[in-house]
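K.L.:
No gaps in the numbering here: position 104 of the sequence shown is 136 in the working numbering, and each next residue is one more.
Built from N, CA and C at the ideal position, the CB exists for glycine as well.
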Amino acid sequence: MEKPLLPGAAFCMGTARLGVTSGIAWETAVAGPMVALTPAPGPILSRADRTDWENIMSITSAALRSVALAAACVAGLSAMAFAAPLKLTPADPQPSGLKPGLSVRYAYPSDVKSLGAARNALKYRVEQGAPLTGLDYRDTELGQNVLTAKRAERVVADIRGYVRFDAPGVYTIDFLTNDGLHAVVGGQVVGEFDGRQPCEETFAVEVEVPKAGWYPLKALWFQRTNTACLHMRAGPAGKRPKWMPDAAFGH
Ligand SMILES: [Ca+2]
Numbered sequence: 033m034e035k036p037l038l039p040g041a042a043f044c045m046g047t048a049r050l051g052v053t054s055g056i057a058w059e060t061a062v063a064g065p066m067v068a069l070t071p072a073p074g075p076i077l078s079r080a081d082r083t084d085w086e087n088i089m090s091i092t093s094a095a096l097r098s099v100a101l102a103a104a105c106v107a108g109l110s111a112m113a114f115a116a117p118l119k120l121t122p123a124d125p126q127p128s129g130l131k132p133g134l135s136v137r138y139a140y141p142s143d144v145k146s147l148g149a150a151r152n153a154l155k156y157r158v159e160q161g162a163p164l165t166g167l168d169y170r171d172t173e174l175g176q177n178v179l180t181a182k183r184a185e186r187v188v189a190d191i192r193g194y195v196r197f198d199a200p201g202v203y204t205i206d207f208l209t210n211d212g213l214h215a216v217v218g219g220q221v222v223g224e225f226d227g228r229q230p231c232e233e234t235f236a237v238e239v240e241v242p243k244a245g246w247y248p249l250k251a252l253w254f255q256r257t258n259t260a261c262l263h264m265r266a267g268p269a270g271k272r273p274k275w276m277p278d279a280a281f282g283h
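(1) Would you tell me roughly how many angstroms separate the C-alpha atoms of A80 and G270, rounded to the nearest one?
(2) At which residues does the alpha helix (DSSP H) containing L174 begin and terminate?
(3) Considering only C-alpha positions, which residue in the set D211, A280, D278 and G193 is nearest to L249?
(4) State the start and end residues of the unbroken alpha helix (DSSP H) segment that holds L167.
(5) Per the contact definition of three or more C-beta pairs closer than 8 Å, is the region 192-212 in contact with the region 244-262?
(6) Can the beta-carbon of A162 be found closer than 8 Å to that of A153?
(7) If you follow the beta strand (DSSP E) that A189 is part of, which residue opens it and which one closes it?
(8) Closest by CA to Q160, which one among G282, R137, R265 and D278?
(9) Between the region 217-236 and the region 114-128, do three or more beta carbon pairs fall short of 8 Å?
(10) State the DSSP-derived secondary structure class of D206, mapped to helix, strand or coil.
(11) Specify the secondary structure class of G270 as computed by DSSP and reduced to three states.
(12) Leaving out the 5 sequence neighbours to the left and right, which residues in its chain are closer than 8 Å to Y247 when beta-carbon positions are compared?
(13) From this set, G148, L167, P141 and K145, which residue's C-alpha is nearest S135's C-alpha?
(14) Can you give the Cα-Cα distance for G175 and K243, rounded to whole angstroms?
(15) Does the region 220-237 come into contact with the region 182-189, if we say contact requires no fewer than three beta-carbon pairs (one atom in each stretch) closer than 8 Å?
(16) Given this structure, state the Cα-to-Cα distance separating Y258 from V178, to the nearest angstrom.
(17) Run through DSSP, which three-state label would G227 get?
(18) When you get a sec, list the residues whose CB is within less than 7 Å of any heavy atom of ligand 1, chain order please.
(19) Fully enclosed by the region 226-263, which beta strand (DSSP E) runs are 3 residues long or longer?
(20) Are the CB atoms of L130 and G282 nearer to each other than 8 Å?
(21) Going along the chain, which residues of its own chain have a beta-carbon closer than 7 Å to the beta-carbon of L208, five neighbours each way excluded?
(22) Measuring only the C-alpha atoms, how far is G223 from V239?
(23) Please classify R170 as buried or exposed, where buried requires at least 16 other C-beta atoms within 10 Å of its C-beta.
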């Protein structure tokens, strides 16, 4: 069993890495594990380098092996992208008279390298900032202030408000973030990266939107040094997520 699993594991790891580092390959990251989860001989079994022993395996054994492979994939990677859609809880009651954009409070610590440090910074001196227009802040130039903050580096943002989905259904959500992010929509974590990185994607998450309307949004974000960005994307499951328009946010 061990040897045939190895190419599969490599396959899984390859697709995961593509998903993280390349926006173009995003669909590959989602499609790959779905193939592996199908309980039938998958693409791994049809590889030219399979052994004689594999060739005489029954369909049942092959199916079992696919399940084992799927388990290995899920165990070795972020399970978020492959699990059943996370069900979002709409705001109840639905807010009315919202102002455009999102509210934000900033902390300006002497250093911030992780979400834990960012959370901690918010316990001390915090300043209300001008509202964000949405979640579509492209990578800054060096030295340019980030979001609506008064500084370019070592900034923590506590972002609050609502995001609107115009139709029920299953959506895929991801973010591009530089640096760290912990984003919660409708009570579910829909984007997380705990560390520093250039402007890159979070693992995509599938969510179930039970009805059209406003969903509470809460995001902890931080920027340590150099450039910074923050974008949210969403789209119907199976399609490439699109930039979330500013009009989808309120506070
Ligand atoms: Ca940065």
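P.N.:
The answer reads as follows:
(1) On the sequence shown, position 48 is the one that residue 80 refers to. On the sequence shown, position 238 is the one that residue 270 refers to. At A80, the pLDDT of 37 sits below 50, so the modelled position is not reliable; the number obtained from the coordinates is stated separately. Cα to Cα, the separation comes out at about 30 Å.
(2) Mapped onto the sequence shown, residue 174 falls at position 142. Element bounds for L174: n/a, residue is neither H nor E.
(3) Taking the first residue of the sequence shown as position 1, residue 249 is located at position 217. Nearest C-alpha to L249: G193.
(4) Taking the sequence shown and counting its residues from 1, the one referred to as residue 167 is at position 135. No alpha helix (DSSP H) contains L167, which DSSP labels as neither H nor E.
(5) yes
(6) As a first step, residue 162 is located in the sequence shown; it is residue number 130 there, counting from the start. As a first step, residue 153 is located in the sequence shown; it is residue number 121 there, counting from the start. No, the pair does not count as a contact, with Cβ atoms beyond the cut-off.
(7) Taking the sequence shown and counting its residues from 1, one reaches residue 189 at position 157. Start and end: V187 to F197.
(8) As a position in the sequence shown, residue 160 is number 128, starting the count at 1. The residue with the shortest Cα to Cα distance from Q160 is R137.
(9) Verdict: yes, contact present.
(10) Numbered from 1 along the sequence shown, position 174 holds the residue referred to as residue 206. It is a strand residue.
(11) For the purposes of this step, residue 270 is taken as residue 238 along the sequence shown, with counting starting at 1. Three-state result, G270: coil.
(12) Residue numbering aside, residue 247 sits at position 215 when the sequence shown is read from its first letter. If we look at Y247 and ignore the five residues flanking it on each side, its Cβ neighbours are L120, T121, P122, A123, Y194, V195, R196, F197, V217, G218 and V241.
(13) Taking the sequence shown and counting its residues from 1, the one referred to as residue 135 is at position 103. With distances taken between Cα atoms, S135 lies closest to L167.
(14) Against the sequence shown, residue 175 aligns to sequence position 143. Against the sequence shown, residue 243 aligns to sequence position 211. Approximately 42 Å between the Cα atoms of the pair.
(15) Using a Cβ-Cβ distance cut-off of 8 Å, the region 220-237 and the region 182-189 are not in contact, since fewer than three pairs of beta carbons, one from each stretch, lie closer than that value.
(16) The sequence position of residue 258 within the sequence shown is 226, counting from 1. The sequence position of residue 178 within the sequence shown is 146, counting from 1. As written in the sequence, residue 258 is Asn, which differs from the Tyr given in the question. So the two alpha carbons sit approximately 10 Å from each other.
(17) Mapped onto the sequence shown, residue 227 falls at position 195. Three-state DSSP puts G227 in coil, outside helix and strand.
(18) N210, D211, R228, Q255, R256, T257, N258, T259 and A260
(19) Here the runs fully enclosed are 237-241 and 245-255.
(20) Here residue 130 corresponds to residue number 98 of the sequence shown, with the count starting at 1. Here residue 282 corresponds to residue number 250 of the sequence shown, with the count starting at 1. Yes, the Cβ-Cβ distance between L130 and G282 is below 8 Å.
(21) As a first step, residue 208 is located in the sequence shown; it is residue number 176 there, counting from the start. For L208, where only same-chain residues beyond five positions count, the Cβ hits under 7 Å are C231, E232, E233, C261 and H263.
(22) By 1-based counting over the sequence shown, the position of residue 223 is 191. By 1-based counting over the sequence shown, the position of residue 239 is 207. Approximately 11 Å, taken between the alpha carbons.
(23) Taking the sequence shown and counting its residues from 1, one reaches residue 170 at position 138. So R170 counts as exposed.
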